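Have a look at the structure below before the remarks.
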Amino acid sequence: MKRFRSQDIPFIQARACERVAEVFDALGIDYIERHDYLQAACPVHEGDNQRAMFWAIRSNHWQCKTRGCHCDPVTGPSSSIFGLVRGTMSRKTGKEWGFQQAVKFVAQALGLEQCRADSVTAQDIEIAKIIKRNRKKQNVVQGQGVPLATMVQHLKPDQVYYPNRGISPEIIARYHISFCNTKGKPMYKRAFFPVLDATGRHVVGWSGRSIYDKCPKCGMHHHPERASCPDAQYGGVYTKWKHSKDFHGELCLYNLWYAKPFISKTGTVILCEGPGDVWAYEAAGIRNSVALLGLSMSRQQRLMLQNAGALTVVCTFDNDEAGRKAMRKLDRDLTHYFRVFCVTPDTVKDVGDMFAEDIAAKIGPILQQASRAEMLSDGYGAGEEIR
Numbered sequence: 044m045k046r047f048r049s050q051d052i053p054f055i056q057a058r059a060c061e062r063v064a065e066v067f068d069a070l071g072i073d074y075i076e077r078h079d080y081l082q083a084a085c086p087v088h089e090g091d092n093q094r095a096m097f098w099a100i101r102s103n104h105w106q107c108k109t110r111g112c113h114c115d116p117v118t119g120p121s122s123s124i125f126g127l128v129r130g131t132m133s134r135k136t137g138k139e140w141g142f143q144q145a146v147k148f149v150a151q152a153l154g155l156e157q158c159r160a161d162s163v164t165a166q167d168i169e170i171a172k173i174i175k176r177n178r179k180k181q182n183v184v185q186g187q188g189v190p191l192a193t194m195v196q197h198l199k200p201d202q203v204y205y206p207n208r209g210i211s212p213e214i215i216a217r218y219h220i221s222f223c224n225t226k227g228k229p230m231y232k233r234a235f236f237p238v239l240d241a242t243g244r245h246v247v248g249w250s251g252r253s254i255y256d257k258c259p260k261c262g263m264h265h266h267p268e269r270a271s272c273p274d275a276q277y278g279g280v281y282t283k284w285k286h287s288k289d290f291h292g293e294l295c296l297y298n299l300w301y302a303k304p305f306i307s308k309t310g311t312v313i314l315c316e317g318p319g320d321v322w323a324y325e326a327a328g329i330r331n332s333v334a335l336l337g338l339s340m341s342r343q344q345r346l347m348l349q350n351a352g353a354l355t356v357v358c359t360f361d362n363d364e365a366g367r368k369a370m371r372k373l374d375r376d377l378t379h380y381f382r383v384f385c386v387t388p389d390t391v392k393d394v395g396d397m398f399a400e401d402i403a404a405k406i407g408p409i410l411q412q413a414s415r416a417e418m419l420s421d422g423y424g425a426g427e428e429i430r
């Protein structure tokens, strides 16, 4: 294995502290970014407490608060980045890692191998494989997907489900909302639509909504005149929503491709649960909404909002207990990164059930309140729930 000179190691350590998130990604650590520290389950003892370990960004050290793994001999003991790598990789590989192995791992993760040019060894190849495997999840988001232009000609506009839900032909055309009536197809008897990348030119996944309501007997979505409910083992076929294979919703924001310039211009993004809410905002002339396709926000989604220029997040989740609980969590998680407003519909479950004029009347004043000009007032409206 390559050995690094003593004068190279401080340089590598300094770069690792500056780019610690990249080291965490290479280690496969699923972490949460806080104001001045990273938080995760401890990878040394592999616990499930997501608050057990932290990396302090200012002082550049790590600590396991539940078992004190930073004091364990398997890490050196050391609270440096090299100690964390030693402990984590010793646990992952089942072999005790030394200091030079940890330095090599960090250097390779950050592309700093040329600090010392020696021959490549089997140990170097093993480290490269580990880094590549742990980065696979991070690289999924970089895939371009299938060009939208090659798919449009094969889509049939939905004339079955969403038109009866009040979605206009213009919205159906704009978002390529389609209907599948071909037996054997994954989206059979579903109104479905593409999820695009940030450029709006490539399809990264598909999402489809069953045209049938929920059965009060079995809880599945099937034809109401079916002789009997489907067997429970086929529950995955009769779900309300279905996504294409290998679709990673946590790496996407629905409608970002259209909303991005408006987010950049206003500094404000409207965050909602599903595509139906986005379509309702678009119909009301509000162009800066995106959907999480769920109730939780991943680190990648937060970074996408920051890169789009968002300074203020207006959360508009469903008017139910799950939606309110999710908004409270987002308020806590996002408060260090954005100015946060929480909004719920007054008399309906979600924004998609509101009329366009009601949406404009409800959200318009809040958007003015959350504008860039108002941000000169520090702390104004942060985390406030508006009804």
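Everything in the sequence shown is counted per our numbering, starting at 44 for the first residue and increasing by one. Where is the CB? At the ideal position from N, CA and C, for every residue including glycine. Only a predicted model underlies this, so the values are computations on that prediction, with no experimental measurement involved.
In whole angstroms, what separates the C-alpha of residue i from that of residue j?
| i | j | result |
| --- | --- | --- |
| Met-96 | Tyr-80 | 10 Å |
| Val-128 | Leu-377 | 28 Å |
| Ser-49 | Val-146 | 11 Å |
| Ile-52 | Gln-143 | 9 Å |
| Pro-267 | Pro-229 | 20 Å |
| Arg-62 | Leu-70 | 13 Å |
| Ala-351 | Asp-201 | 31 Å |
| Gly-424 | Thr-136 | Here the model assigns Gly-424 a pLDDT of 37, short of 50, so the residue's position is not dependable, and the following value carries that caveat. Going from the Cα of Gly-424 to the Cα of Thr-136 covers about 49 Å. |
| Ile-86 | Arg-134 | Note that residue 86 corresponds to Pro in the displayed sequence, not to Ile. Rounded to whole angstroms, Pro-86 to Arg-134 spans 8 Å at the Cα level. |
| Lys-288 | Val-383 | 34 Å |
| Lys-260 | Leu-410 | 43 Å |
| Phe-148 | Gly-141 | 11 Å |
| Phe-47 | Phe-125 | 13 Å |
| Arg-94 | Arg-217 | 43 Å |
| Glu-316 | Asn-103 | 37 Å |
| Ser-122 | Asp-68 | 18 Å |
| Gly-292 | Pro-408 | 31 Å |
| Asp-401 | Asp-363 | 19 Å |
| Lys-199 | Thr-282 | 22 Å |
| Val-184 | Leu-294 | Below a pLDDT of 50, predicted positions are generally treated as unreliable, and Val-184, at 45, falls in that range; the measurement from the model is reported next regardless. Each residue's alpha carbon lies about 6 Å from the other. |
| Val-203 | Ile-75 | 42 Å |
| Leu-419 | Ser-341 | Summary for Leu-419: the model assigns pLDDT 34, below 50, so the residue's position carries little reliability; its value from the coordinates is reported in the next sentence. Rounded to the nearest angstrom, the two C-alpha atoms are 28 Å apart. |
| Arg-367 | Val-117 | 44 Å |
| Lys-372 | Ala-270 | 43 Å |
| Thr-109 | Pro-120 | 16 Å |
| Cys-223 | Trp-300 | 25 Å |
| Lys-397 | Thr-390 | The question names Lys, but residue 397 is Met in the sequence shown. Distance between the alpha carbons of Met-397 and Thr-390: 9 Å. |
| Ala-192 | Ile-329 | 26 Å |
| Trp-249 | Asp-374 | 29 Å |
| Thr-225 | Gly-243 | 27 Å |
| His-219 | Pro-388 | 27 Å |
| Leu-314 | Met-132 | 38 Å |
| Gly-343 | His-197 | Here residue 343 turns out to be Gln, not Gly, going by the sequence shown. Going by the C-alpha atoms only, they are around 31 Å apart. |
| Ala-64 | His-88 | 20 Å |
| Pro-304 | Lys-232 | 35 Å |
If contacts are defined as beta-carbon pairs under 8 Å, then residue i and residue j qualify, I think. What distance do you get, rounded to the angstrom?
| i | j | result |
| --- | --- | --- |
| Gly-251 | Ala-234 | 7 Å |
| His-265 | Pro-273 | 6 Å |
| Ser-221 | Phe-236 | 7 Å |
| Gly-130 | Cys-114 | Actually they do not touch by this definition, with Cβ atoms about 10 Å apart. |
| Arg-77 | His-379 | 6 Å |
| Ile-214 | Glu-139 | Between Glu-139 and Ile-214 the Cβ distance is about 60 Å, and since that is not below 8 Å, they are no contact. |
In the DSSP assignment, what residue or residues form a beta bridge with residue i?
| i | result |
| --- | --- |
| His-379 | DSSP lists no partner for His-379. |
| Leu-81 | Glu-76, Trp-98 |
| Arg-252 | Ala-234, Trp-284 |
| Val-246 | Val-189, Leu-239 |
| His-264 | Lys-257 |
| Leu-354 | Paired residues: none, contrary to the question. |
| His-104 | Ala-99 |
| Tyr-297 | Ala-334 |
| Leu-314 | Val-333, Cys-358 |
| Ser-221 | Pro-200, Phe-235 |
When the distance is taken between beta carbons, is residue j closer than 7 Å to residue i?
| i | j | result |
| --- | --- | --- |
| Val-356 | Phe-381 | yes |
| Pro-190 | His-245 | yes |
| Thr-359 | Asn-331 | no |
| Leu-155 | Ile-55 | yes |
| Asp-361 | Lys-392 | yes |
| Tyr-297 | Leu-336 | yes |
| Leu-348 | Val-312 | yes |
| Ala-323 | Val-394 | yes |
| Val-247 | Asp-240 | yes |
| Ala-327 | Ala-413 | no |
| Val-66 | Ala-150 | no |
| Gly-279 | Met-263 | no |
| Ala-99 | Asn-92 | no |
| Val-333 | Ala-369 | no |
| Ala-353 | Ile-306 | yes |
Does residue i come within less than 7 Å of chain B when only Cβ atoms are used?
| i | result |
| --- | --- |
| Ser-133 | Within the model displayed, chain B is absent; a lone protein chain is all it includes. |
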